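K.L.:
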Amino acid sequence: MTPLPISNVPPIDRNQDFTSKLRHAWPRILLATTIALVISYIRYDAQWKVPTISPVPFTILGVAISIFLGFRNNAAYNRFWEARTLWGTHINSSRSFARQVMTLVVSEDKSLRAFQEDVIMATIAYAHSFKNHLQGDDPLDGTEKLMLAQEIEWLKTQDNVPVAILHIIGRRLQFARDAGWIAGSATIVLEGTLTELTTVQGGCERIKNTPVPYTYTLLSRTIVTFFCLLLPFGILNDATWLTPIVTFLVSYAFCGLDALGDEITEPFGHGPTDLPLERYSATIETNLRQILSDKGLPEFRASHERPVISREHELFGTYF
């Protein structure tokens, strides 16, 4: 598979997408504003009597809705941020694992380099498969040229392809250990890094498979809608001709917060407000290929001369 440089990943225009993500909120905003325009015209232009509501309930209810939306959006953002943190751990663990494979697996056997390449390519395949797995796409997409043909055929029979790829990597490490390429302590380190990748996958699957209850979303949407539609009747006497403007601003704020909570609740989609998993997996591939292609890196030799540094302290004399 040709490496996917980070610069080739399409950029995400989040600013343009913000308004479009409010498409479900705009009908409520426009309806509330239209009601405010109509009753303002009837009251102050046609001079007809319009029933009004005391603004006191709206003050109390507005504070309650603000607190409710704040808690809801905070819970949604916690899910989003936990997902981002897990993927940050995934990136770091992948880098560490590739470095460990290149430095802790040691042998004079000529097939060592091929072994290291196979393991690191499988780690790249895992990143792409894991990304596809979370987004509901084909988990084998992008892995065909990174793994052996017989392994791909076996993976087609597995329910959880990313876990199966980790199992393949583990079996390769077992082969290297049995061949004497990996010391006992190095085995613990490598297995620990694989366990970190498994833990990250489990955390992401927990977020994906545990959605926010729909009744929670329905409750907030219903309360916000009724509040915005009745708001013009509560502020008509005080806001007069500014009633439509005030209604629009309040409706935009409340409906926007409600829609925002819906958008960030599920962080593993394909939308611009979701986590850029394509960019993350491209970062992993680029970094791991860089670690694998370490040609030209000067070898460390114990005989290299090191400068001797001597520092003097006025109380303790020469200490270094």
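Numbering-wise (this note's numbering), the sequence shown opens with residue 2 and increments by one.
C-beta: ideal position from N, C-alpha, C; glycine also.
All figures in this text were calculated on a predicted structure; none of them were measured in a lab.
Pick helix, strand or coil for M103, following the three-state DSSP scheme.
P.N.:
Sequence index remark: in the sequence shown, residue 103 carries index 102 (1-based). M103 falls in the helix class under three-state DSSP.
K.L.:
Using a threshold of 7 Å, state whether the C-beta atoms of I269 and Q136 are closer than that.
P.N.:
Position 268 of the sequence shown, counting from 1, holds the residue named residue 269. Position 135 of the sequence shown, counting from 1, holds the residue named residue 136. First, the amino acid is wrong: residue 269 is Phe here, not Ile. In this structure, Q136 lies closer than 7 Å to F269 by Cβ.
K.L.:
Go through its chain and collect everything with a Cβ distance to N75's Cβ below 8 Å, but skip five positions before and after it.
P.N.:
Translated into the one-based positions of the sequence shown, residue 75 becomes position 74. Within the same chain, N75 has no close Cβ partners at all.
K.L.:
Out of curiosity, what's the CA-to-CA distance linking T211 and F81?
P.N.:
On the sequence shown, position 210 is the one that residue 211 refers to. On the sequence shown, position 80 is the one that residue 81 refers to. Rounded to whole angstroms, T211 to F81 spans 13 Å at the Cα level.
K.L.:
DSSP on P212, reduced to helix/strand/coil?
P.N.:
Counted from its first residue, the sequence shown places residue 212 at position 211. Reduced to three states, the DSSP call for P212 is coil.
K.L.:
May I ask you to report which of helix, strand or coil DSSP gives N161?
P.N.:
On the sequence shown, position 160 is the one that residue 161 refers to. N161: coil per DSSP, three-state reduction.
K.L.:
Could you pull the start and end residues of the alpha helix (DSSP H) that V39 belongs to?
P.N.:
Taking the first residue of the sequence shown as position 1, residue 39 is located at position 38. Unbroken alpha helix (DSSP H) run through V39: 27–45.
K.L.:
What does the Cβ neighbour count give for R73, buried or exposed, with the cut at 16 atoms within 10 Å?
P.N.:
The residue given as residue 73 occupies position 72 in the sequence shown. Per the 10 Å Cβ criterion, buried.
K.L.:
Hey, quick one: how far does the alpha helix (DSSP H) through G262 stretch, first residue to last?
P.N.:
The sequence position of residue 262 within the sequence shown is 261, counting from 1. G262 -> alpha helix (DSSP H) spans 244–266.
K.L.:
Kindly indicate the opening and closing residues of the alpha helix (DSSP H) around I183.
P.N.:
By 1-based counting over the sequence shown, the position of residue 183 is 182. It is not in any alpha helix (DSSP H) - I183 carries neither H nor E in the DSSP assignment.
K.L.:
With a threshold of 6 Å on Cβ separation, who are the neighbours of N9 within its own chain once the five nearest residues in sequence on each side are excluded?
P.N.:
As a working mapping, residue 9 is identified with position 8 in the sequence shown. In this prediction, N9 scores a pLDDT of 47, lower than 50, which makes its location untrustworthy; the coordinate-derived value is nonetheless stated afterwards. Around N9: no qualifying Cβ.
K.L.:
Around the C-beta of T319, are 16 or more other C-beta atoms found within 10 angstroms, so that it is buried, or is it exposed?
P.N.:
Locating residue 319 in the sequence shown gives position 318, counting from the first residue. Summary for T319: the model assigns pLDDT 39, below 50, so the residue's position carries little reliability; its value from the coordinates is reported in the next sentence. Label assigned to T319: exposed.
K.L.:
Go through its chain and collect everything with a Cβ distance to G204's Cβ below 6 Å, but skip five positions before and after it.
P.N.:
Your numbering for residue 204 matches position 203 in the sequence shown. Result list for G204: L87, in chain order.
K.L.:
Spatial neighbours of V57 within its chain, please: C-beta separation below 6 Å, excluding the five flanking residues on both sides.
P.N.:
What you label residue 57 is simply residue 56 of the sequence shown in a count that begins at 1. Excluding residues within five positions, none has a Cβ falling inside 6 Å.
K.L.:
Hey, I40 and V51 are a contact pair by Cβ (cut 8 Å); roughly how many whole angstroms apart?
P.N.:
Here residue 40 is taken as the residue at index 39 of the sequence shown, counted from 1. Here residue 51 is taken as the residue at index 50 of the sequence shown, counted from 1. With a Cβ gap of about 5 Å, I40 and V51 count as contacting.
K.L.:
For H91, does the three-state DSSP call read helix, strand or coil?
P.N.:
Taking the sequence shown and counting its residues from 1, the one referred to as residue 91 is at position 90. Helix, per DSSP.
K.L.:
Only counting the same chain, and skipping five residues up and downstream in sequence, which positions put a Cβ closer than 7 Å to that of D14?
P.N.:
Indexing the sequence shown from 1 puts residue 14 at position 13. Bear in mind that a pLDDT of 48 at D14, under 50, signals an unreliable position, so the model cannot answer this.
K.L.:
If we count the other Cβ atoms within 10 Å of its Cβ and call it buried at 16 or more, is T60 buried or exposed?
P.N.:
On the sequence shown, position 59 is the one that residue 60 refers to. T60 is exposed by the Cβ-count criterion.
K.L.:
Can you give me the C-alpha to C-alpha distance between A26 and E264, rounded to a whole angstrom?
P.N.:
Start at 1 with the first residue of the sequence shown, and residue 26 comes out as number 25. Start at 1 with the first residue of the sequence shown, and residue 264 comes out as number 263. Using only the alpha carbons, I get a separation of about 12 Å.
K.L.:
May I ask you to report which of helix, strand or coil DSSP gives M122?
P.N.:
Taking the sequence shown and counting its residues from 1, the one referred to as residue 122 is at position 121. Helix at M122.
K.L.:
What three-state label does DSSP hand P308 in the structure shown?
P.N.:
The count along the sequence shown starts at 1 and reaches residue 308 at position 307. Any reading at P308 must be qualified, since the residue scores a pLDDT of 46, below 50, and its modelled position is unreliable; the value itself is stated next. Of the three classes helix, strand and coil, the one that applies to P308 here is coil, per DSSP.
K.L.:
Tell me the DSSP secondary structure of S112 in three-state form.
P.N.:
One-based indexing of the sequence shown puts residue 112 at position 111. Coil, per DSSP.
K.L.:
Look at V106 and A177 and say whether their C-beta atoms are less than 7 Å apart.
P.N.:
Taking the sequence shown and counting its residues from 1, one reaches residue 106 at position 105. Taking the sequence shown and counting its residues from 1, one reaches residue 177 at position 176. In this structure, A177 lies closer than 7 Å to V106 by Cβ.
K.L.:
By how many angstroms is the C-alpha of R280 removed from the C-alpha of H129?
P.N.:
For this step, residue 129 is matched to residue 128 along the sequence shown. For this step, residue 280 is matched to residue 279 along the sequence shown. Spanning the two alpha carbons is a distance of roughly 11 Å.
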